[in-house]
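Residues in the sequence shown are numbered consecutively from 16, following my numbering.
First comes the structure, then the notes that go with it.
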Amino acid sequence: MFSYDLNFLSDPKLVYFTDARNPILDYKNIQKFYKIIDLVKLHPSDSKKTYNDLKLQYIENYDAALESKYVMMRPSTVIFEAAISGCLCFCLQTNNLESYLYNFLYPTLSAIDHSINLVSDSAQLINALKK
């Protein structure tokens with residue numbers, strides 16, 4: 016049976032999940048929230064090369080990443096799975112595309128609104144983390 020150690024996640028960490036649709040936007044978001052993000056979980060089609068100039072720590076295992084207390088990403092099906100897993104989720108809405116994706120492409124996200132916090136800047140994220 017496959018197993019892995021999750022003890023390192025006992026200290027709450029914020030994991031940023033990248034998305035396959037727009038790595039440049041992920042790069043900008045990671046830059047914007049760089050001081051707050053602890054770990055990055057890359058989408059399978061994403062590459063560390065995209066983020067070479069940023070000194071990031073990565074988490075490779077998807078299931079382990081979902082064990083984190085806090086997750087942040089652009090609207091996607093992964094945020095739905097993270098919310099169901101009990102993570103405190105932060106859904107980025109830093110531009111019109113992300114708002115569109117949240118409201119129209121993934122309408123189920125708004126149905127579980129109580130566990131997904133919409134954030135557009137560092138101040139909103141920090142305030143939500145303090146609650």
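Just so you know, even glycine gets a beta-carbon here, dropped at the ideal spot from N, CA and C.
What are the residues that DSSP puts in a beta bridge with residue i?
| i | result |
| --- | --- |
| Phe-105 | Met-87 and Asn-132 |
| Phe-32 | Lys-56 and Met-88 |
| Tyr-73 | Val-55 |
Would you please state the rounded distance, in angstroms, between the beta carbons of residue i and residue j? I believe it to be under 8 Å.
| i | j | result |
| --- | --- | --- |
| Ile-51 | Ile-45 | Not really, about 10 Å apart at Cβ, beyond 8 Å. |
| Ile-131 | Cys-104 | 5 Å |
| Val-30 | Val-86 | 5 Å |
| Leu-81 | Cys-102 | 6 Å |
| Lys-84 | Lys-146 | Between Lys-146 and Lys-84 the Cβ distance is about 13 Å, and since that is not below 8 Å, they are no contact. |
| Tyr-6 | Tyr-42 | An answer regarding residue 6 cannot be provided, because it is not within the stretch 16 to 146 covered by the chain. |
| Leu-140 | Phe-48 | 7 Å |
What is the DSSP secondary structure of residue i, reduced to helix, strand or coil?
| i | result |
| --- | --- |
| Leu-40 | helix |
| Tyr-49 | coil |
| Ser-154 | There is no way to answer for residue 154, as the model of the chain reaches only from 16 to 146. |
| Glu-82 | coil |
| Asn-142 | helix |
| Tyr-66 | helix |
| Ser-100 | coil |
Is any non-hydrogen atom of the ligand SAM found closer than 7 Å to the C-beta of residue i, if you look at the structure I gave you?
| i | result |
| --- | --- |
| Leu-116 | With respect to the ligand SAM, the structure offers nothing, as it holds no ligand at all. |
- prompt: Does the count of Cβ pairs from the segment 55 to 65 and the segment 27 to 38 closer than 8 Å reach three?
  reply: The segment 55 to 65 is in contact with the segment 27 to 38.
Touching by the beta-carbon criterion (3+ pairs, under 8 Å), the segment 75 to 92 and the segment 113 to 123: Contact check between the segment 75 to 92 and the segment 113 to 123: three or more CB pairs, one atom from each, fall below 8 Å, which counts as touching.
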